[in-house]
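Protein chains in written order, with the numbering used here: chain W, 1 to 298; chain D, 299 to 596; chain E, 597 to 894; chain H, 895 to 1192.
Positions of the beta carbon are idealized from the N, C-alpha and C atoms, including for glycine.
What follows is a single structure, written as structure tokens, with notes after it.
There are 4 protein chains.
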Amino acid sequence: MNRHGIVIEDTFAEAFGMQATRVIITAPEPRWAREAAVSMTGFATSVIGCGVEAGIETELAPEATPDGRPGVSVLLFGMSTKAIGKQLEKRVGQCVLTSPGSAVYAGMSAGERVDLGRKLRYFGDGHQISKLIGARRYWRLPVMDGEFICEESTACTAAVGGGNFLVLARSQRQALRACERAVAAMRRLENVILPFPGGIVRSGSKVGSKYPALPASTNHLYCPTLRGVTDSRLAPEIGAVLEIVVNGLSDEDVRRALRVGIESACAAGRESGVERISAGNYGGKLGKFHFPLHEVMA
Amino acid sequence: MNRHGIVIEDTFAEAFGMQATRVIITAPEPRWAREAAVSMTGFATSVIGCGVEAGIETELAPEATPDGRPGVSVLLFGMSTKAIGKQLEKRVGQCVLTSPGSAVYAGMSAGERVDLGRKLRYFGDGHQISKLIGARRYWRLPVMDGEFICEESTACTAAVGGGNFLVLARSQRQALRACERAVAAMRRLENVILPFPGGIVRSGSKVGSKYPALPASTNHLYCPTLRGVTDSRLAPEIGAVLEIVVNGLSDEDVRRALRVGIESACAAGRESGVERISAGNYGGKLGKFHFPLHEVMA
Amino acid sequence: MNRHGIVIEDTFAEAFGMQATRVIITAPEPRWAREAAVSMTGFATSVIGCGVEAGIETELAPEATPDGRPGVSVLLFGMSTKAIGKQLEKRVGQCVLTSPGSAVYAGMSAGERVDLGRKLRYFGDGHQISKLIGARRYWRLPVMDGEFICEESTACTAAVGGGNFLVLARSQRQALRACERAVAAMRRLENVILPFPGGIVRSGSKVGSKYPALPASTNHLYCPTLRGVTDSRLAPEIGAVLEIVVNGLSDEDVRRALRVGIESACAAGRESGVERISAGNYGGKLGKFHFPLHEVMA
Amino acid sequence: MNRHGIVIEDTFAEAFGMQATRVIITAPEPRWAREAAVSMTGFATSVIGCGVEAGIETELAPEATPDGRPGVSVLLFGMSTKAIGKQLEKRVGQCVLTSPGSAVYAGMSAGERVDLGRKLRYFGDGHQISKLIGARRYWRLPVMDGEFICEESTACTAAVGGGNFLVLARSQRQALRACERAVAAMRRLENVILPFPGGIVRSGSKVGSKYPALPASTNHLYCPTLRGVTDSRLAPEIGAVLEIVVNGLSDEDVRRALRVGIESACAAGRESGVERISAGNYGGKLGKFHFPLHEVMA
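Here's what the structure looks like:
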């Protein structure tokens, strides 16, 4: 299979079952919702190193938020509801509660509950006030610029982490340009985030290493400087490989994002320097979601 | 004392002794150095909640970086060299190593060493290469888009965290505008960061709370909605208070930043809605650095 | 007079009487109001070269706009109401009418009227609809994504253009850092814009030149590379001079902006490399507004 | 023909022969090259209303610019070399010469020459200095922050303006999201610009109107609010149409950009709300370049 002359390899992306939640941060002005969200979702590229994988899903117009103010929706993915709850408490407390004019709401209604305001409310030192609107409880905490409004809890859902594809190009610059096109297009989709900086990963890893203590190490098969030194999956014309990792609320969300990304990465054709599209997997043994590229692109 | 009609209270900001380091992230293009730095310094507003306080110090032109590429300098503050080292390893590994085309270097030369590449190098799975240039050791790790260059270690220095001032204004919006002016001006200074989202804090806290388990809670003395309910330091005309927190490499750096911030916050005069400038302290008992506002502004 | 050791020269900025208007651009999302405003206010640094001086005044929260959507307010300055009207028609037609989801409203009510939608309405090809709400008339034009809403006219007011100050520093980089601090603080003020790119001018000019056809040329008195070659106002330690130009709706608006700018530029003290603050004038003969720096900073 | 269930209409985009040039703006820091470029390419959406169509092509790493500093490349399209020259003189003089630390260079070498520094040099008031390096002449003009370096001329080339496609979707929001994905991907391509604000046009026009003086008016065939009132090309389910316009240095550049844009707009499938892709033409009588969508997407 190919797209505009670029080979789509007959392989599959292997992804994992995770838990996910969505929260909505609002503020008097869009900039301030964004500041809180950027801070809250920083240092959140992998569950192993950061405890959570998080990112901004989308900016929200005022009519799309619970309090009619400009907002940002954030997705967090973790290995369990408990792990998400722990991260949520810390990250909302450090990065949203502190941010001028902010409020935070549940962005999902169905599923297991995780605390949002339930513990944070104690920061009010007894002056916090609870309000029940329908089935949803909110807390109002006195702060220096007025009140911090915080919904008591949000919901978690089963989700998918680690969907991915690889762009193999003739040069670093060409791989980067193609991935930037893909990321730009994928970031306009709902229900997904790209947890790595700028949406792109250049340090693909394999399970295990020659050092017993290290559970993962560089994926030498895809390192151009190691071609000739080790086994390699890279033809001589490949100068650089970059990966895009996507987490989504459902397998369908991930599949759509992969398709959008691969179409965008390939649409400029072979003259853009992109030679092949591949995907990362562990032989199918680790992750319960498989995304065969030829099916994704059908 | 007053500035353009705005009262500068006769009080002092109380700040703490910390350790700090600087690292320099470079990339083929400025955008990518920034992406890595934003990710690495996210969720880093307070040592207690995040393990580290971090922020972007400045963007660097190519001639100001070790490898002649565009870069960003990042400052990290922690309670000890060890704590900084631990955070550095995690955050560089998760947010810089992973980012397209990145490299990372020491941004300080004198002081106790903390690891930068010393442990990260094992990701190279034995294919990493060491290079000694003068007294500085660098590691080259094979990755999918080429090599990740990483200096072996960086230096730590004694530093100052928690410098601060408070802006008391008639409305939330007016306090925010004045603080935005202050932050914008302070962010052009070297040797300092403002660790909170957008540089501003609205959830000032006091030590202790009515809940034994909670070591800190809302500073009710500065909460406008609690005036009349509790003791208050807020005159009736004050509608909102915002705080700016600054960490710096020396007390002189913090002092200069406070001065720049307060001048900028006050320069639009009382008609801007700003009424008073104050500062946060614990009676002088907790932090070893005191910044009397009247001295700062002399 | 000095500020934190930096000399404030005993001179004055000379500014001009102009006309000005404000329009408010809204959109379904803040980003799209900004895109339209950035396009509309581009290539608008001086009336002589561009026909108008324009800039973004501020971003507006939904509750501050006529239609409850996120917005941006734009100020335009010209030599006459007629000149502004002509530019408004072209720039709104090219950059706002065309922009997804946009609407445009008067941002001033008192003063001479200039057309906003009155001529643009004909683009509707007879399908435009007029609506009168109170004393204000609006037009609805059918476009491909729905309707373009456009108020019939906006108001003009007498205003002030060309307020300015000069930052004399030891190096280009130091002058730039100080001006960036000043610009950042000044841009948080209402009723003013800084019409030059990034708010800063480095090509200060004098009236006349050795070429008869050229009405203005480089102000050699402030060019560091000409010191020794021509007359100079620059002491040997001055390596670079940058200027900040500000237009405002009233002389008080300009005065406040100059004060905010100079305070921010000086607050980091002489160690920041800033040596002196001066201002540009034509001996007081050309412009009817004079801003003596010592009065501004009193 | 369809893409992921979205119909690609069997029609063609009609584009025009234009002239184009490229200039490269550099500065000590990327931000300042960008500021100058954004200002210079503002108010430049159509030759008829603005005299030129201009946009940022790409940001340039230091190693890709003539002086080894960070830069931005800008493309300008006009109806003739003369028209481009006139705009170039004004826009460089107003927006680049004025901008801190800037320099400007030819971004094309082959083709008819247009002035860049040839007239601007007189601003130096006789103190300008010429330097010939190989076949290229440069001017150094003394300015307040040092010198403005400006190449004497740049080259023009025959080019293509007005390539386009239309996204027909069920709602305004869905059309906008799809176009944002397309724009984001197209903006990573070389040799093309999207001259409208944010890359998108919502006010598609037809030639002529019921008012004799007006040469163009709203394209009623694609206005959803006029369906039922006038002839319409919109099926009942279409709620909004948006257009993307692309100018490129060659027909192949435009074709590639259209393909990248359409693939990105369609890749999320029909569930994204996009129903059809069409294109704008004048029956083939006005523009000499035709881009049949089915060939573009083959």
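- Under the 8 Å criterion on CB atoms, Glu478/D is classed as interfacial with respect to chain E.
- Counting only the Cα atoms, Gly869/E lies some 5 Å from Arg766/E.
- CA-to-CA, the gap between Gly85/W and Phe375/D works out to about 27 Å.
- Leu656/E and Arg1150/H have their C-alpha atoms spaced approximately 38 Å apart.
- In the assembly as shown, Asp529/D is an exposed residue. Its beta-carbon has fewer than 16 other beta-carbons within 10 Å.
- With its beta carbon less than 8 Å from one in chain D, Ser860/E belongs to the interface.
- In terms of beta-carbon proximity, Ala657/E lines the interface with chain W, with at least one pair separated by less than 8 Å.
- With a threshold of 8 Å between beta carbons, Glu1084/H makes no contact with chain D.
- Counting along the chain, no alpha helix (DSSP H) covers Gly444/D; the unbroken beta strand (DSSP E) around it starts and ends at 444-449.
- Against Ser933/H, the close residues of chain E are Gly638, Phe639, Thr641, Pro793, in the order they occur along the chain (beta-carbon pairs closer than 7 Å).
- In the three-state DSSP reduction, Tyr734/E falls in the strand class (E or B).
- Note that the C-beta distance between Gln690/E and Thr939/H is below 8 Å.
- Rounded to whole angstroms, the Cβ separation of Asp67/W and Ala103/W is 6 Å, and the two are in contact under 8 Å.
- If you check the CB distance, Ala335/D and Pro368/D do not come in under 8 Å.
- Straight-line spacing of the CA atoms in Ser503/D and Gly405/D works out to 33 Å.
- Under the DSSP assignment, Ala781/E falls in the alpha helix (DSSP H) whose first and last residues are 768-782.
- Pro696/E has a beta carbon lying at 8 Å or more from every beta carbon in chain W.
- Contact between the region 1094-1108 of chain H and the region 725-736 of chain E is not established, with fewer than three Cβ pairs separated by less than 8 Å.
- Under DSSP, Cys1050/H forms a beta bridge with Thr915/H, Glu1006/H.
- Annotation: the region 797-835 of chain E contains the following complete segments of the beta strand (DSSP E) (minimum length 3 residues), in chain order: 801-803, 812-814.
- Straight-line measurement puts the Cα of Val1077/H at about 24 Å from the Cα of Pro738/E.
- In the structure shown, Lys131/W adopts extended strand secondary structure according to DSSP, grouped into three states.
- Excluding sequence positions up to five before and after Met18/W, its CB lies within less than 6 Å of the CB of Phe77, Ala159, Gly161, all in the same chain and listed in chain order.
- Per DSSP, Phe937/H has no beta-bridge partner at all.
- Counting along the chain, Gly987/H sits inside the alpha helix (DSSP H) bounded by residues 975-989.
- A Cβ of chain H is located within less than 8 Å of the beta carbon of Gly269/W.
- Cβ proximity to chain E below 9 Å picks out Leu1108, Ala1110, Ser1111, Thr1112, Asn1113, His1114, Tyr1116, Cys1117, Pro1118, Thr1119, Leu1120 from the region 1108-1121 of chain H.
- Under the DSSP assignment, Leu249/W falls outside any beta strand (DSSP E); it carries neither an H nor an E label.
- The beta-carbon of Val229/W is placed no less than 8 Å from the nearest beta-carbon of chain H.
- As DSSP reads the structure, Leu374/D sits in a beta bridge with Thr319/D, Ala352/D.
- Secondary structure at Phe421/D: helix, using DSSP grouped into helix, strand and coil.
- Residue state for Leu194/W is assigned as coil, using DSSP reduced to three classes.
- For Glu653/E against Ser635/E, the beta-carbon gap comes to about 16 Å, at or over 8 Å, which does not count as contact.
- Residues of chain W with a Cβ closer than 7 Å to the Cβ of Ala930/H do not exist, since the nearest Cβ in that chain sits about 23 Å away.
- Boundaries around His588/D are those of the beta strand (DSSP E), 587-590, since no alpha helix (DSSP H) includes it.
- Cβ-Cβ separation between Val390/D and Leu373/D: approximately 14 Å, too far for a contact (criterion under 8 Å).
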